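Asks:
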Amino acid sequence: MLTIINITLGSLLANWVSPNNIRWPITISNTSILLLLGTTILYNTNTTFTNIGFNLINDNLSIPLLLLSLWLIPVSLIASIGHLNNKPNNDNLQFITLILIILLALLITFSTNDLLLFFIGFETTLTPTLLIITRWGAQQERLEAGTYFVFYTLISSLPLLLALTYLYFNNLSLSIIDILENQENYNFYILPLFCLLAFLVKVPIFGLHLWLPKAHVEAPVAGSMILAAILLKLGGYGFIRLTNTFWLDFQENLATFLLPFCCWGGFLTSLICLTQTDLKALIAYSSVSHMSFMIAALSNINNWSTSGALIMMVAHGIISSALFYTANLFYERNSTRTLNISRGLKYTFSLFPLIWLLLACGNLGLPPLPNAIAEILLFSSLINHNIILTIPILLGIVLTAIFSLTVYLYLNSSNTFSWNTITWTLTEREWLGLWLHLLILLPLILNPTFISL
Numbered sequence: 233m234l235t236i237i238n239i240t241l242g243s244l245l246a247n248w249v250s251p252n253n254i255r256w257p258i259t260i261s262n263t264s265i266l267l268l269l270g271t272t273i274l275y276n277t278n279t280t281f282t283n284i285g286f287n288l289i290n291d292n293l294s295i296p297l298l299l300l301s302l303w304l305i306p307v308s309l310i311a312s313i314g315h316l317n318n319k320p321n322n323d324n325l326q327f328i329t330l331i332l333i334i335l336l337a338l339l340i341t342f343s344t345n346d347l348l349l350f351f352i353g354f355e356t357t358l359t360p361t362l363l364i365i366t367r368w369g370a371q372q373e374r375l376e377a378g379t380y381f382v383f384y385t386l387i388s389s390l391p392l393l394l395a396l397t398y399l400y401f402n403n404l405s406l407s408i409i410d411i412l413e414n415q416e417n418y419n420f421y422i423l424p425l426f427c428l429l430a431f432l433v434k435v436p437i438f439g440l441h442l443w444l445p446k447a448h449v450e451a452p453v454a455g456s457m458i459l460a461a462i463l464l465k466l467g468g469y470g471f472i473r474l475t476n477t478f479w480l481d482f483q484e485n486l487a488t489f490l491l492p493f494c495c496w497g498g499f500l501t502s503l504i505c506l507t508q509t510d511l512k513a514l515i516a517y518s519s520v521s522h523m524s525f526m527i528a529a530l531s532n533i534n535n536w537s538t539s540g541a542l543i544m545m546v547a548h549g550i551i552s553s554a555l556f557y558t559a560n561l562f563y564e565r566n567s568t569r570t571l572n573i574s575r576g577l578k579y580t581f582s583l584f585p586l587i588w589l590l591l592a593c594g595n596l597g598l599p600p601l602p603n604a605i606a607e608i609l610l611f612s613s614l615i616n617h618n619i620i621l622t623i624p625i626l627l628g629i630v631l632t633a634i635f636s637l638t639v640y641l642y643l644n645s646s647n648t649f650s651w652n653t654i655t656w657t658l659t660e661r662e663w664l665g666l667w668l669h670l671l672i673l674l675p676l677i678l679n680p681t682f683i684s685l
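Residue 233 is where the sequence shown starts when you use our numbering, and the numbers rise one by one after that.
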C-alpha cells in the first residue's frame, strides 16, 4: 500500500515537471499504471483486517474502494481533456494537481489505521473538490454551490473532530485496532452521534442533501464523476468502519429512528426525481435516494446489510459516474441538459439511447448488474427488520423505474426539434471513456465475490 502512495506522490511531481504539450498523456499513463499495479498488489494481499505497517490496514472493506478510486482517476482525466485541453497551461496544471491530491487523500483515508489520518484524508478531499467546482464550473451559480458544499461538510466535520479528540484523551491512541480492544470504555452515546453527523452529510441522506444537487449541476464532468463515484462513499465507509464497529449497542437504538427516516427519505427523493428537468440534477437526486436506502440498511446491523452496502457503493459509483459522463457527452454537443428539448437522439446518435438504457437498468437494479445483488441484500435486510418497510421500498423501486425509463423515452422519442437533427459521433477518446465504464462491470457481473465482505 505504501508503494501505491509513493507512486501517487511521484505522479504528482511528474505533473509539475512534464512539458505542457504532453502533460495529459503522461498523467493518464501514470495513473493507469498505478491502477494496474494497485490491482496486482491489493488482490494479492491478505484481505482480513490486517495491519501492514506504517499505520496502514487492508481488508475486504477497504480494498474494493481503493481500487474504485484508482480506476476512477484516469477515467475522469480522460473525460476532462475535451473542455480543458484548449485552456491555458496553468489551468491544466492546477486541475490535474487537484485531481491527484484527491486520489492521494482517498488512498490515505481508505487504508489508514489511525483515526487522525482518517480525519485528515477525509477533510483533505474537500478543498480540491471545492476548487474544482468553483474554478471550473460553467455557470455563475457555482459560487452558491461552493458555499452550500463548504457549509454542510465543514460544519458536520467539527463534531467528528471533537469525538476523535475525546477518544484520544481516554485511550491515548487513535488506532482502530487499539480502540476495538477497549470498546467497553466508549459507551458515551454522544460520540457516535458526533461521528454519525459527518458521515450522513457526506453520503448524503435525505434532509442533509441540499448541497449535492447544486454541486453536481455546477461541477465540471470530472468533478461530478469523482463526487458521485467515490467522495460520497467516504460517508458509507466511515459509517461501517467507525459507527458500525465501535458502538453496536448504540446502533441498535439509533435504528429505531434512522431506519424508517431514511427509507421514507429515499422514497421522497425518488418522488423529487420525477419533477426534475435537468439531467444532472436528476442523476444527483437518484444518488441521494440510493444512499438513503443504503444507510437505512446499515442501521440494521447484519451481514446482509454490510455486504449489500459495500456492493452498492462500488456498483453505484460505476453507474453514476457513467451517467454523468454520458450526460456530459450530450451537453458538449447540444449545450443543454434539459430533458424537454433533448428528444430525438436516436436520429442524431443511434447508439446513445441503447447506452442510456443499459445504464438506466443498472440504476434501477436489474439483473445481472451488481446493483441488483446490492438491492436484494439491502432490501432483504430492511424487510426482515420490519415488514412495514416494504411500502416505502416498493414505492421507491417503482419510482426509480419510472424516472429512469422516462429519461430513456425522452431520448428515444421520435418528436425531435428541427435544430436537433445533426448526426454526431464519438471521438476515440470519448469511446475509450465510455468503454472503461462498461467493461469494469464485467468482472463484477461474472464474479460478484470480488466485492464481498
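Built from N, CA and C at the ideal position, the CB exists for glycine as well.
Remember, predicted model here, so these are calculated numbers, not experimental data.
#1: Between which two residues does the beta strand (DSSP E) harbouring residue 288 extend?
#2: Report the rounded CA-to-CA distance for residue 657 versus residue 314, giving the unit in angstroms.
#3: Less than 8 Å between C-beta atoms, sequence neighbours within five positions excluded: which residues of the same chain meet that for residue 394?
#4: Pull up the CB-CB distance for residue 446 and residue 384, whole angstroms please, since I reckon it's below 8 Å.
#5: Indicate the three-state DSSP secondary structure (helix, strand or coil) for residue 570 in the structure shown.
#6: Roughly how many whole angstroms lie between the Cα atoms of residue 252 and residue 244?
#7: Residue 659 by DSSP, collapsed to three states: which one?
#8: Considering only C-alpha positions, which residue in the set 319, 347, 609 and 586 is nearest to residue 289?
#9: Tell me which same chain residues have a C-beta within less than 8 Å of the C-beta of residue 373, skipping the five on either side of it?
#10: What first and last residue would you give for the alpha helix (DSSP H) that runs through residue 434?
#11: According to DSSP, simplified to helix, strand and coil, what is residue 344?
#12: Who are the Cβ neighbours of residue 470 in its own chain at under 8 Å, not counting the five residues just before and after it?
#13: What residues match up with residue 510 in a beta bridge as DSSP calls it?
#14: Going by the CB atoms, is the gap between residue 628 and residue 310 shorter than 8 Å?
#15: Between the Cα of residue 234 and the Cα atoms of 248, 249, 265 and 273, which residue gives the shortest distance?
#16: Considering only DSSP beta bridges, list what residue 407 is partnered with.
#17: Quick one: is residue 320 buried, meaning 16 or more other Cβ sit within 10 Å of its Cβ, or exposed?
#18: With residue 242 as the anchor, note down where its alpha helix (DSSP H) starts and where it stops.
#19: With burial defined as no fewer than 16 other Cβ atoms inside 10 Å of the residue's Cβ, what is the status of residue 370: buried or exposed?
#20: Can you tell which of 554, 539, 615 and 610 has the C-alpha that lies nearest to the C-alpha of residue 683?
#21: Counting pairs of beta carbons, one from the segment 323-339 and one from the segment 396-407, are three or more of them closer than 8 Å?
#22: Could I get the ranges of all uninterrupted alpha helix (DSSP H) runs contained in the segment 321-392, with 4 residues as the minimum, in chain order?
#23: Can you find the residues in the same chain that come closer than 7 Å, C-beta to C-beta, to residue 563, ignoring five residues on each side of it along the sequence?
#24: Sorted by chain position, which residues of the same chain lie with C-beta nearer than 7 Å to residue 501's C-beta, five sequence neighbours on each side aside?
#25: Grab me the residues of residue 441's own chain with a C-beta within less than 7 Å of its C-beta, minus the 5 sequence neighbours each way, in chain order.
#26: Measure from the alpha carbon of residue 266 to the alpha carbon of each residue in 248, 305 and 292, then state which is nearest.
#27: By DSSP, does residue 452 sit in helix, in strand, or in coil?
#28: In the DSSP assignment, the alpha helix (DSSP H) including residue 624 goes from what residue to what residue?
#29: Can you check whether the CB of residue 345 is closer than 8 Å to the CB of residue 287?
#30: One question on the structure: do residue 551 and residue 594 come within less than 8 Å of each other, judged by their Cβ atoms?
Replies: In this structure, then:
#1: Reading the sequence shown from its first residue, position 56 is the one you call residue 288. Run containing residue 288: 288-290, per the beta strand (DSSP E) assignment.
#2: One-based indexing of the sequence shown puts residue 657 at position 425. One-based indexing of the sequence shown puts residue 314 at position 82. Each residue's alpha carbon lies about 14 Å from the other.
#3: As a first step, residue 394 must be located in the sequence shown, where it is residue number 162. Once the five neighbours on either side are set aside, the close Cβ partners of residue 394 are 426.
#4: Here residue 446 refers to the residue found at position 214 of the sequence shown. Here residue 384 refers to the residue found at position 152 of the sequence shown. So it is not a contact: roughly 10 Å between Cβ atoms.
#5: Position 338 of the sequence shown, counting from 1, holds the residue named residue 570. Here residue 570 sits in strand by DSSP.
#6: For the purposes of this step, residue 252 is identified with residue 20 of the sequence shown, where counting begins at 1. For the purposes of this step, residue 244 is identified with residue 12 of the sequence shown, where counting begins at 1. Distance between the alpha carbons of residue 252 and residue 244: 14 Å.
#7: Looking up residue 659 in the sequence shown gives position 427. Shown here, residue 659 sits in coil according to DSSP, grouped into three states, outside any helix or strand.
#8: Along the sequence shown, one-based indexing puts residue 289 at 57. Nearest in C-alpha terms to residue 289, of all of 319, 347, 609 and 586, is 347.
#9: For the purposes of this step, residue 373 is taken as residue 141 along the sequence shown, with counting starting at 1. Correct list, in chain order: 446, 449 and 450.
#10: If you number the sequence shown from 1, residue 434 lands on position 202. Segment 422-434, the alpha helix (DSSP H) holding residue 434.
#11: Taking the first residue of the sequence shown as position 1, residue 344 is located at position 112. Looking at residue 344 - three-state DSSP - the assignment turns out to be strand.
#12: If you number the sequence shown from 1, residue 470 lands on position 238. Excluding residues within five positions, the ones whose Cβ falls inside 8 Å are 350, 354, 427, 430, 431 and 434.
#13: Here residue 510 corresponds to residue number 278 of the sequence shown, with the count starting at 1. Answer is 570, bridged to residue 510.
#14: Here residue 310 is taken as the residue at index 78 of the sequence shown, counted from 1. Here residue 628 is taken as the residue at index 396 of the sequence shown, counted from 1. No, the pair does not count as a contact, with Cβ atoms beyond the cut-off.
#15: Within the sequence shown, the letter at position 2 stands for residue 234. Taking only the C-alpha atoms, the option nearest residue 234 is 273.
#16: As a first step, residue 407 must be located in the sequence shown, where it is residue number 175. Beta-bridge pairing links residue 407 to 346.
#17: By 1-based counting over the sequence shown, the position of residue 320 is 88. Exposed, by the Cβ-count rule.
#18: Taking the sequence shown and counting its residues from 1, the one referred to as residue 242 is at position 10. First-last of the alpha helix (DSSP H) with residue 242: 234-249.
#19: Within the sequence shown, the letter at position 138 stands for residue 370. So residue 370 counts as exposed.
#20: Counted from its first residue, the sequence shown places residue 683 at position 451. Out of 554, 539, 615 and 610, 539 has the C-alpha closest to the C-alpha of residue 683.
#21: no
#22: 321-343, 347-356 and 358-368
#23: Reading the sequence shown from its first residue, position 331 is the one you call residue 563. Counting only Cβ-Cβ distances below 7 Å, and skipping sequence neighbours, we find 569.
#24: Position 269 of the sequence shown, counted from the start, is the residue given in the question as residue 501. Non-local beta-carbon contacts of residue 501 in its own chain, meaning distances under 7 Å to residues more than five positions away in sequence, involve 438, 517, 520, 521 and 524 in chain order.
#25: To locate residue 441, count along the sequence shown from 1; it is residue 209. Here the set comprises 520.
#26: Here residue 266 refers to the residue found at position 34 of the sequence shown. Here the closest residue by C-alpha is 305.
#27: Here residue 452 refers to the residue found at position 220 when the sequence shown is read from its first residue. Coil, per DSSP.
#28: As a position in the sequence shown, residue 624 is number 392, starting the count at 1. Element bounds for residue 624: 622-643.
#29: Translated into the one-based positions of the sequence shown, residue 287 becomes position 55. Translated into the one-based positions of the sequence shown, residue 345 becomes position 113. Going by C-beta atoms, residue 287 is nearer than 8 Å to residue 345.
#30: Walking along the sequence shown from the start, residue 551 turns up at place 319. Walking along the sequence shown from the start, residue 594 turns up at place 362. Yes, Cβ-Cβ distance for residue 551 and residue 594 is below 8 Å.
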